[in-house]
Amino acid sequence: MRYLMTTGQNSRAADEALFAEMGAFIEEMTAAGILIATGGLEPGGVKMTSHGDEITVTDGPFVEAKEEILGFALVEVSSHEEALEVSRRFRKIVGDGDSILHRVMGP
Numbered sequence: 018m019r020y021l022m023t024t025g026q027n028s029r030a031a032d033e034a035l036f037a038e039m040g041a042f043i044e045e046m047t048a049a050g051i052l053i054a055t056g057g058l059e060p061g062g063v064k065m066t067s068h069g070d071e072i073t074v075t076d077g078p079f080v081e082a083k084e085e086i087l088g089f090a091l092v093e094v095s096s097h098e099e100a101l102e103v104s105r106r107f108r109k110i111v112g113d114g115d116s117i118l119h120r121v122m123g124p
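Be aware that the sequence shown starts at 18, since it is given in the numbering used here, and climbs by one per residue.
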């Protein structure tokens, strides 16, 4: 099963200790074959809206800064419970904040 976890602002300040702890976590998840991809997202983004044959492109931001999605991780796990455990470990590293976990449908 694949899951996409997105995250916004977190309470822990980005410092050398955070980067080291997150780097070790990423290495562990990659070596275990769990982590498929991860990264930060450009603030704001672009929204594309289609209506009939017309497509409108609008530059962001679209939400309050505190609600913006800042990063993601795509993981492959054997169960929903394992996805929750990986997400819990991530949250313990980055501190207070929100993450959203979606199961990716399909192969």
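Quick reminder that beta carbons are idealized off the backbone N, C-alpha and C, glycines included.
Query	Result
Element boundaries [alpha helix (DSSP H), containing Glu71]	Premise fails: Glu71 lies in the beta strand (DSSP E), Glu71 to Asp76, not in any alpha helix (DSSP H).
Cβ-Cβ separation, Met18 to Ser96 (assumed contact under 8 Å), whole Å	7 Å
Minimum C-alpha distance to Ala54 - residue among Ala31, Ile117, Val92 and Met39	Val92
Beta-carbon proximity list for Phe89, same chain, < 7 Å, skipping 5 on both sides	Leu21, Met22, Thr23, Thr55, Gly56 and Leu58
Unbroken beta strand (DSSP E) run spanning Phe79, endpoints	Counting along the chain, Phe79 falls outside any beta strand (DSSP E), and DSSP gives it neither H nor E.
Reduced DSSP category for Arg29 - H, G, I as helix; E, B as strand; rest coil	coil
Buried/exposed call for Met46, threshold 16 Cβ in 10 Å	buried
Three-state class that DSSP yields for Leu101 in the structure shown	helix
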